[in-house]
Amino acid sequence: MMTNVTKSAFYAIALTSGFLFSCNNDPENPAEAFGRFGEGVYITNEGNTQTNTGTISYFNPSTSQVENNIFSTENDMDLGIYVQSIADHNDKGYIAVDNMNRVYVVDINSFELEAIIEDLAKPQHFIGLNDTKGYIAQWGADGFGGDIAVVNLATNTVSGNIAVGLGPKQMLLHGNNLIVLNTGGFGLGNSFSVINTQNDQVTHTVEIGDNPNSAVIDRNGALWILCGGRYKSDWSGLETKGKIYKINTSSYSIEAQYEFESDSSQPGNLAIDNTGDNLFYTYNRGVHTSSITDFAVTNPIINRSFYGFGVSKSDNMIYGANAVDFASAGWLIRFTSAGVPQDSVRVGIAPSGFLFR
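Under mature numbering (1 follows the signal peptide of the UniProt record, and there is no 0), read the sequence shown as residues -22 to -1, 1 to 335, first letter to last.
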C-alpha cells in the first residue's frame, strides 16, 4: 500500500533568521539548483524508545554547519524509532524506518514528504534500479526472516517479494545483478545472494563467514565483503572470527579471504575511496585502511571506535558517528583520509549511517 502525501498536508517551513541553509535569489548559486539543502551529507539517527522517534540530520561540509531533525521540521510529523538508512535515487530520498514498517519518500532537495511505502516488515535498506523499479531489504515481522520487496516507483507500492537468506540488509548493484548481504537479522546469517534484476530471480547464493555486514566493489570490479563473525552465546568473545572476502563478480566465486586475529572485536563498516583502490573499515577500536592489491591489517589511522562510519566519495573525508550513551545527542566527527581530525558537530540520538550527496 502507498500513502500519498501532499505539500499542504505536511509541508511546514519556518521562515526565521535562524535557518542555517537559506537559499538566496541568485540563480548562479549552486545551492539554488538543489533546493534548500543542496549537496551535503545526510545522517540517520536511529533514536530510542524514550524519544520514540529517530531523525535525519543534514551537514554542509563547506561550512561545517548542521541542521538536525530536518524531516520533522519540513513535514510536521515524526519518522518513528529505529531509522535504518536513507538512500538517494532520482532526486528522491528513501528513508527506511524499522519499527514503523515504512519507507518514507521525500524530495531530496526540499525534504518534503511525497509518499509512504507500506506493506513492509522491518525495512532496512532501499536501492533504486531505474525510473520504475526499486528494492527494499526487510527482516520480517519478528526479525528472523526477511526477503527483498520489489517496489513499483511509479505508485510507491510493493509489487512482489524475492526470497533470500536470513536478515538481508546492504544491497549493491553491479551490472544487471543485485547483490544482497544476508546478515542474519536477529538470528545468524552467513551468505550473500545475487538477483538478476531483469527477471528478479536469485541466480547465486554463496556461503561466506558469519554476519556479513558491509561490502564494496573496487576499481577492477571485484566484490569485497566484510564479515563480523559470531559471538558466543554468553557474549564472552567471538565463536567465529571476522573475515574479509574478495569475490569474482563474473562467477561469484571466492578469489581470496583473510581471517582477522581478534577473538573479541568484530570488523565492520567496509568503505572504499573514490578511486576504488583503498579499503577502509573499523576494527579493534580503530579505523584501518588497506590497498586492494595486498590486503593486510596494519596500525589504525584513527584510534577510536564509531557506531556509524563512512567515506565521502567526493573528497575521501572520513565520517565517524559517536552514539555516546544512545540517550543524548550524538556526534559527527570528520577526519582526512589520513586520519587527521577536522571538525565535529552534534547530531541526533544514535547516529549510525550517512548518505553522501
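Cβ coordinates follow ideal geometry from the N, Cα and C atoms, glycine included. Being a predicted model, the structure only gives us computed values, none of them experimental.
Residue i vs residue j beta-carbon contact at 8 Å
| i | j | result |
| --- | --- | --- |
| N53 | T33 | no |
| F332 | G264 | no |
| T22 | S88 | no |
| G145 | T161 | yes |
| residue 372 | I114 | Given a span of -22 to 335 for the chain in the structure shown, any question on residue 372 remains unanswerable. |
| K219 | S192 | no |
| A99 | Q116 | yes |
| G288 | A249 | yes |
| D251 | S315 | yes |
| residue 408 | T31 | The structure shown does not extend to residue 408, since the chain is modelled only from -22 to 335, so the question has no answer here. |
| G206 | G246 | yes |
| T253 | H152 | no |
Counted within 10 angstroms of its Cβ, other Cβ atoms place residue i as buried (16 or more) or exposed
| i | result |
| --- | --- |
| K210 | exposed |
| G138 | exposed |
| Q244 | buried |
| W202 | buried |
| E24 | buried |
| T(-17) | Low local confidence applies: a pLDDT of 41 at T(-17) is under 50, so the model's placement there is unreliable, with the coordinate-based value given in what follows. That one is exposed. |
| H266 | buried |
| A301 | buried |
| G215 | exposed |
| P101 | buried |
| E90 | buried |
| T260 | buried |
| D125 | buried |
Assigned secondary structure, residue i (DSSP; H/G/I helix, E/B strand, else coil)
| i | result |
| --- | --- |
| I48 | helix |
| N3 | Residue placement at N3 is flagged as unreliable, the pLDDT there being 38, under the threshold of 50; the coordinate-derived value follows with that caveat. N3: coil per DSSP, three-state reduction. |
| A65 | strand |
| N139 | strand |
| N87 | coil |
| N53 | helix |
| P278 | coil |
| V184 | strand |
| E24 | coil |
Residue-level contact to chain D via CB, residue i, 8 Å cutoff
| i | result |
| --- | --- |
| I34 | Of the protein chains in this structure there is only one, and it is not chain D. |
Continuous beta strand (DSSP E) stretch holding residue i: start and end
| i | result |
| --- | --- |
| V289 | G286 to V289 |
| S269 | V265 to S269 |
| M149 | P146 to H152 |
| Y113 | K111 to Q116 |
| A328 | Element bounds for A328: n/a, residue is neither H nor E. |
| V128 | D125 to N130 |
| L98 | From DSSP, L98 is part of no beta strand (DSSP E); its letter is neither H nor E. |
| N155 | N155 to N160 |
| G163 | Looking at the DSSP string, G163 is not in any beta strand (DSSP E), and its letter there is neither H nor E. |
| A249 | G246 to I250 |
| P39 | First-last for P39: undefined, no H or E at that position. |
| I222 | K221 to I225 |
Whole-angstrom C-beta distance between residue j and residue i, which should lie under 8 Å
| i | j | result |
| --- | --- | --- |
| G106 | N68 | 6 Å |
| R324 | A307 | 5 Å |
| V142 | V180 | 7 Å |
| I296 | F258 | 7 Å |
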